[in-house]
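Chemist: After the structure tokens below, expect a handful of questions from me.
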Amino acid sequence: MDWTLTLMTFVPLAGIPLLWASNEAKVQRWIATIVSAVAMVLSFVVWSRFQAAGVGTALGSSPLKVDLPWISVGSFNVRYTMDVDAISVFMVVLTGILGFIASLSGWGVQKNPRGFFAMYLLLLTGMFGTFVAADLFLFYVFWEVMLLPMYFLIGLWGGPKREFAAIKFFIYTLVGSVLMLGAFLAVYFQLGTFSISEIIRRHAEIFPGAENENLRMVLFGALFCGFAIKVPVFPFHTWLPLAHVEAPTPISVILAGVLLKMGGYGMMRMAFPWFPDEVVRAWPVLATLAVVSIIYGAFVAMAQTDWKKLVAYSSVSHMGYVLLGLATLTPEGVNGAVLQMFSHGLLAGMMFLLVGVMYDQAHHREMARFGGLATTLPKYTFIAMVGFFGSLGLPGLSGFVSEMMVFFGAFKSALPDAKLFTIIGTLGVVMGAVYILIMIQKIFLGTAKEAHAHPLHEPSAREWIMLTPLAVLSLFLGIYPRIALDMIDPAIQSWTKEFTPHIAAHAEKGK
Amino acid sequence: MQTGIVLALVICAMPLLASLVISALGKNAGKWCDKVGIGAMFVSLAASVWLTLGHHEFIGQKWDFEWITVAGHPWRIGILLDGMTFALLIVVTLVSFLVHLFSRQYMHGDERFADFFRWIGFFTFSMLVLVISDNLLTLFVAWELMGLSSYKLIGHYFKKESAYLACKKAFMTTRVGDVGFFLALLALYLHTGSLQYSEIFEKAHAGVIPAVTITWISLGLFMGSMGKSAQFPLHIWLPDAMEGPTPVSALIHAATMVAAGVYLIGRMMSLICLSPVALVVIACIGAFTAIFAAAIAFTATDIKKVLAYSTISQLGFMFTALGVGSNIAWQAGMFHLVTHAFFKACLFLGSGSVIHACHHEQDMTRMGGLRKKLPLTHLTYLLACLSIAGFGIPMLPIGFAGFFSKDQILMGLWQGNGGANDDVYKTLCIVLTLTATMTSFYMFRSYWLTFWTKPRDQKIHDHAHESPWEMTTALLVLGGLAVVAGYGWANIFLPAGGEHGSLIEGLKEWEHEDVHHAHIMASIFAGFACFAGIGLSAWCYLTASGERARKAARAAISPIYNAAKRKFFMDELAETLVIRPTVVLGALLAWTDRDVVDGVVDSVGSSAVATGELSAKADDSVVDGAVHAAADVAWGGGWLFSRAQTGRLRNYFFGAVGTVALFAVIVLYLTRS
Chain A
1 MDWTLTLMTF
11 VPLAGIPLLW
21 ASNEAKVQRW
31 IATIVSAVAM
41 VLSFVVWSRF
51 QAAGVGTALG
61 SSPLKVDLPW
71 ISVGSFNVRY
81 TMDVDAISVF
91 MVVLTGILGF
101 IASLSGWGVQ
111 KNPRGFFAMY
121 LLLLTGMFGT
131 FVAADLFLFY
141 VFWEVMLLPM
151 YFLIGLWGGP
161 KREFAAIKFF
171 IYTLVGSVLM
181 LGAFLAVYFQ
191 LGTFSISEII
201 RRHAEIFPGA
211 ENENLRMVLF
221 GALFCGFAIK
231 VPVFPFHTWL
241 PLAHVEAPTP
251 ISVILAGVLL
261 KMGGYGMMRM
271 AFPWFPDEVV
281 RAWPVLATLA
291 VVSIIYGAFV
301 AMAQTDWKKL
311 VAYSSVSHMG
321 YVLLGLATLT
331 PEGVNGAVLQ
341 MFSHGLLAGM
351 MFLLVGVMYD
361 QAHHREMARF
371 GGLATTLPKY
381 TFIAMVGFFG
391 SLGLPGLSGF
401 VSEMMVFFGA
411 FKSALPDAKL
421 FTIIGTLGVV
431 MGAVYILIMI
441 QKIFLGTAKE
451 AHAHPLHEPS
461 AREWIMLTPL
471 AVLSLFLGIY
481 PRIALDMIDP
491 AIQSWTKEFT
501 PHIAAHAEKG
511 K
Chain B
1 MQTGIVLALV
11 ICAMPLLASL
21 VISALGKNAG
31 KWCDKVGIGA
41 MFVSLAASVW
51 LTLGHHEFIG
61 QKWDFEWITV
71 AGHPWRIGIL
81 LDGMTFALLI
91 VVTLVSFLVH
101 LFSRQYMHGD
111 ERFADFFRWI
121 GFFTFSMLVL
131 VISDNLLTLF
141 VAWELMGLSS
151 YKLIGHYFKK
161 ESAYLACKKA
171 FMTTRVGDVG
181 FFLALLALYL
191 HTGSLQYSEI
201 FEKAHAGVIP
211 AVTITWISLG
221 LFMGSMGKSA
231 QFPLHIWLPD
241 AMEGPTPVSA
251 LIHAATMVAA
261 GVYLIGRMMS
271 LICLSPVALV
281 VIACIGAFTA
291 IFAAAIAFTA
301 TDIKKVLAYS
311 TISQLGFMFT
321 ALGVGSNIAW
331 QAGMFHLVTH
341 AFFKACLFLG
351 SGSVIHACHH
361 EQDMTRMGGL
371 RKKLPLTHLT
381 YLLACLSIAG
391 FGIPMLPIGF
401 AGFFSKDQIL
411 MGLWQGNGGA
421 NDDVYKTLCI
431 VLTLTATMTS
441 FYMFRSYWLT
451 FWTKPRDQKI
461 HDHAHESPWE
471 MTTALLVLGG
481 LAVVAGYGWA
491 NIFLPAGGEH
501 GSLIEGLKEW
511 EHEDVHHAHI
521 MASIFAGFAC
531 FAGIGLSAWC
541 YLTASGERAR
551 KAARAAISPI
561 YNAAKRKFFM
571 DELAETLVIR
581 PTVVLGALLA
591 WTDRDVVDGV
601 VDSVGSSAVA
611 TGELSAKADD
621 SVVDGAVHAA
631 ADVAWGGGWL
641 FSRAQTGRLR
651 NYFFGAVGTV
661 ALFAVIVLYL
671 TRS
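Chains as they are written, first to last, in the numbering used here: chain A, 1 to 511; chain B, 1 to 673.
Now the structure itself:
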């Protein structure tokens, strides 16, 4: 039995009592950062062990698996199952990296740092757990464990409208959880198991037959909506700008970098493989929502005057690519979607950090009040350009590869009108350039609009340690995406293969 | 790895290396950047010369590797050396080297001197990658990186509003074209499963791609080219792009950026020639752009603006030729790209030298009589003007570089491709002859106004001085090439047809004998265009009677003249039809998002609160067991958060519990059996 996954997941939780070792804020910061660093290293260990094992592609075949009975009451049988496949490993690594970087960003928190880091470490445990849990009950527990600290982190350490933002985030996400839970229970009562891999294997037994068609669609819809809120997909996205803008910088980073990925991950792990036929039937709706998210998010981002809000809406647009890629059910598209999740994690995290660096100094985020930073802060401008041009999809950085593959998959997809959706979706490529370039012009070019009380200065050493790895990783993944693709591609191929008969059957019916 | 491939890699790597070294130098960059840049480009140029001299040995060499594997399917990228690659490599490295040399003095004292060298290095690198690629994927990557470099360089003086608007405009306009290009890539990948030229062409000729799809793909590729190579209506960024420093304009207009679009169409000709519709569309848009831009160039008084519009016009010539789809016309189009690179770089750097001498005055109406003050600049500018005008002896192989390429374009058009559209091509030949006449007129207009006529601003004239040796050397080399580059190039490097490892196949192959008639016609046309244009402009600008006639003519066509002076309202059209609606739509959607989409969410929230309050009241008045229990749950949850939160959370929570209940009821209802 390999306890690496368990260790990684609970190291942050175990680190919480250490925060009481000292009353010095400085020591507490170091403790939190070291604990996050240990978790990050463990996530790398998970990656290397998984790679070294060189095992099959499906969930359940990894040597990292831990499977123990947990709660057993009558026929109600919950197991402590932790397991990974290539996709969860990829997400775990992202969580490890961003968890460490955001903990550094948390050094800027002045108000009750001990409470902040306690919540933060609990959040880390929740995130790791969500990605490695292979039992539905356990998954749900971690999912909710994530929610609670998030609520406090926004509500207590956020901006002026933090309380409303926290409530809205909490309730909205809770509605999603409830929809998800309902579907989980329905599936459980049907199959009698909480094991995610077993449900995937036995998906044909979930309310089989033509007479249950509508029920299956309702369940798929519930699951999809539950995850779509998290992604977020239009029109379930309105919690996001508020929560992102009100959250403190490290939490915005985690929110955009990791939490949004839970939605895409959930779709890949549950909603899609459990209901393959429904996915194919729902394709026009899924594709429409994806394309609308891409374009709508970009248009709304363009109209923002608050810098952080612009970045928040860019997430809506970029996560639309994830949904589009997944919904195409082609290996290219799904590879693109998974890469896009990782890439967006890096780039959105980076953009929020970049905004945070300036917000800490200027104490405002009105783009119209900045200007000319390229002259006064050339180094900051340089690193910012990496992040923003990465977000715009510049080749050489990770966003290009992922968006490109999503489109290749979408165009190739055999689903009806896939080409039309792709053509409309590529409008997002232009709009992405539009809002990013407008923002760059307002903030970096021209001349300073107003004198700041304290002249703005270049990022500090700590901020460089946060920003540089993200930029380097994005560049590395943009030039050498193999490192990720070689791992996820086989898993994705077997994932997409499951849908082929359903697509064919659907096409047959259409004729 | 073969020698040719190694050389190609060295050629590409040097400017990138220079760019990185300059970045790494940090504070010392200002002192070293020019030397690093020039040195790197010199190595690059030397390697190109080596490659070119040994082209017989190196041609056809290729090398590729597996970049990624998706769906178990390898995506291979690599390098391919054929005639087109050689022709472009030498042009790009040579022009870029001379631009580096020129800039050392021209940009001297600029506060962002190092940034400038960093980005022209990167710009050159991107173009070189584009040229050596054996596939459309790396071509597209290089294409986009060039977009970034041009953005940085056009916005070099980003403190100025006009500069930062220009760089944004350039990037966005070209991105619009890129969408078409990208969609073409998607379609090619779908049908051929590859983005490598050789495989695409093979499958296309095997009939794997449906004919209609080929037309759409070709037009998509051309849309990309229209953006990069400034064809109507995506040309609007190029005149504004002269907000960048003048050497950058020379680079953009000659060796990089705009050349990329022509290169793409030339490179993909084996595919495009399968679609007669796409060919004729390309030719027509090219010819229209040529005459349209020439008309605007007539009215420009800014010396750089004349050159900018002349570039758009000359690019139109190239596309018209490529749109014919015959071997001689394809060769003519690519050949004109080469000769144009030399004379246009010479003209731009010449104008830079003039502007430098006149203390950053660009308006020709304030110049005049500078030929004695700037003898070398004057000489090279004259040579380049003669070259662009196509000066030479008709019917004989004696002339300036532009003479050969322009002659051949007209010949290719007159000859057509033996298909149904030959009448169209003949008409376009006449249009281009007219445009060529206009070209020699407006180019010489700029020449007379700058170097002859009486000085119109004595102060500027008095202070004018010849530029330092780095600048004049660059001018002399380019001026020399503008004269002699017509010899040899086309036949050595641009063979159409399968020989010499060239990928260009499937074009209409005309033999030497076939084109005899067309050659005579083209010589007459080209000779007329050159001499009529030059003669007319000399009369108009150097004699009193000519000036009277000119003013009368201008008055007679004043509506057209004024429209041309305002660029035929293209910027206003773009503003009204594209930019403003986009901004309005953005504002509208932002409002929708806030007040409609989120409004619905909030009202659901408030109705949940109202329900909660109603239930609480019911709880108070009617003591109901079920409600009581629900309220207890709500209180329990509420307590958890009450320390941090307002009392309203309780009500929200109530709403959530209600949702659970409702959902449970639905599930139970549906699962009943």
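Idealized CB from N, CA, C, for every residue including glycine.
Quick caveat, the model's predicted, so the values are computed rather than measured.
Which class does aspartate 417 of chain A belong to by DSSP, given the choice of helix, strand or coil?
Modeler: coil
Chemist: Is there at least one Cβ from chain A nearer than 9 Å to leucine 678 of chain B's Cβ?
Modeler: Lying before the first or after the last residue shown, residue 678 of chain B is absent from chain B, which here runs from 1 to 673.
Chemist: What separation, rounded to the nearest whole angstrom, lies between the Cα atoms of methionine 1 of chain A and threonine 496 of chain A?
Modeler: 30 Å
Chemist: Counting only beta-carbon atoms, is alanine 187 of chain B nearer than 9 Å to chain A?
Modeler: yes
Chemist: Hey, could you find the ends of the alpha helix (DSSP H) tryptophan 330 of chain B is sitting in?
Modeler: 327-357
Chemist: Could you spell out where the alpha helix (DSSP H) holding asparagine 214 of chain A opens and where it closes?
Modeler: 213-230
Chemist: So with CB distances below 8 Å, who are the chain B contacts of glutamate 332 of chain A?
Modeler: Val70, Ala71
Chemist: Taking Cβ positions only, does tryptophan 239 of chain A come closer than 9 Å to chain B?
Modeler: yes
Chemist: Could you tell me if alanine 8 of chain B is buried or exposed, where buried requires 16 or more neighbouring beta carbons within 10 angstroms of its beta carbon?
Modeler: buried
Chemist: Report the residue from A:Ala433, A:Leu310, A:Pro232 whose alpha carbon sits nearest the alpha carbon of methionine 172 of chain B.
Modeler: A:Ala433
Chemist: Alpha carbon to alpha carbon, how far is isoleucine 254 of chain A from glycine 399 of chain A?
Modeler: 18 Å
Chemist: Taking contact to mean at least 3 C-beta pairs separated by less than 8 Å, is the region 313-320 of chain A in contact with the region 294-304 of chain A?
Modeler: yes
Chemist: Just to confirm my understanding: we take histidine 378 of chain B, look at its own chain, exclude 5 residues before and 5 after, and list those with CB closer than 6 Å. What are they?
Modeler: Arg371, Phe451
Chemist: Looking at the secondary structure, which residues open and close the beta strand (DSSP E) in which arginine 76 of chain B lies?
Modeler: 73-80
Chemist: Cβ of threonine 582 of chain B less than 9 Å from any chain A Cβ?
Modeler: yes
Chemist: Considering only C-alpha positions, which residue in the set A:Leu456, A:Leu181, A:Lys230 is nearest to leucine 662 of chain B?
Modeler: For the residues A:Leu456, A:Leu181, A:Lys230, the minimum Cα distance to leucine 662 of chain B belongs to A:Leu181.
Chemist: What residues of chain A sit near phenylalanine 182 of chain B, judged by a beta carbon separation below 9 Å?
Modeler: Identification of chain A residues near phenylalanine 182 of chain B by a Cβ-Cβ cut-off of 9 Å yields Met404, Phe407, Thr426, Val429, ordered along the chain.
Chemist: Would you report the Cα separation of alanine 206 of chain B and isoleucine 200 of chain B, rounded to the nearest angstrom?
Modeler: 10 Å
Chemist: Could you tell me the alpha carbon to alpha carbon distance between isoleucine 5 of chain B and tryptophan 237 of chain B, rounded to whole angstroms?
Modeler: Put simply, the backbone Cα of isoleucine 5 of chain B is about 35 Å away from that of tryptophan 237 of chain B.
Chemist: Leaving out five residues on either side along the sequence, give the residues of the same chain with a beta carbon under 7 Å from the beta carbon of phenylalanine 42 of chain B.
Modeler: Phe97
Chemist: Beta-carbon within less than 6 Å of methionine 367 of chain B's beta-carbon, same chain only, minus the 5 sequence neighbours each way: which residues are those?
Modeler: Thr450
Chemist: Could you check whether the Cβ of leucine 437 of chain A sits closer than 9 Å to any Cβ belonging to chain B?
Modeler: yes
Chemist: Can you tell which of B:Val49, B:Ile79, B:Ile460, B:Ile409 has the C-alpha that lies nearest to the C-alpha of methionine 1 of chain B?
Modeler: B:Ile79
Chemist: Should the region 242-261 of chain B be regarded as contacting the region 391-409 of chain B, the criterion being three or more beta carbon pairs within less than 8 Å?
Modeler: Taking 8 Å as the limit for Cβ pairs, the verdict is that the region 391-409 of chain B does not touch the region 242-261 of chain B.
Chemist: Which complete alpha helix (DSSP H) runs does the region 177-215 of chain B hold, if anything under 4 residues is left out?
Modeler: 197-205
Chemist: Relative to the C-alpha of alanine 368 of chain A, which residue among A:Gly349, A:Gly263, A:Lys308 is closest?
Modeler: That would be A:Lys308, whose Cα lies nearest to the Cα of alanine 368 of chain A.
Chemist: Taking the alpha carbon of glycine 409 of chain A as the point to measure from, which residue in A:Leu354, A:Met431, A:Ala448, A:Ile492 has its own alpha carbon closest?
Modeler: A:Ile492
Chemist: Just the Cα atoms here: how many angstroms apart are leucine 394 of chain A and tyrosine 480 of chain A?
Modeler: 15 Å
Chemist: In chain order, what residues of the region 590-601 of chain B put their CB closer than 7 Å to some CB of chain A?
Modeler: Ala590, Asp593, Val597, Asp598, Val601
Chemist: Could you check if leucine 542 of chain B is buried or exposed, using at least 16 other CB atoms within 10 Å of its CB as the buried criterion?
Modeler: exposed
Chemist: Please decide whether glutamate 513 of chain B counts as near chain A, where near means a Cβ-Cβ distance under 9 Å.
Modeler: no
Chemist: Here's the rule I'm using: 16 or more other beta-carbon atoms within 10 Å means buried, otherwise exposed. How should phenylalanine 58 of chain B be labelled?
Modeler: With 16 or more other Cβ atoms within 10 Å, it is buried.
Chemist: Taking the straight line between their C-alpha atoms, what separation do you get for arginine 104 of chain B and valine 208 of chain B?
Modeler: 52 Å
Chemist: Assuming arginine 79 of chain A is part of the beta strand (DSSP E), what are its boundary residues?
Modeler: 76-82
Chemist: Whole angstroms are fine: how far does the CA of cysteine 225 of chain A sit from the CA of tryptophan 32 of chain B?
Modeler: 58 Å
Chemist: Which of the three DSSP states, helix, strand or coil, is assigned to arginine 643 of chain B?
Modeler: Reliability of the predicted coordinates at arginine 643 of chain B is poor, the pLDDT of 45 falling under 50, and no value is obtained from them.
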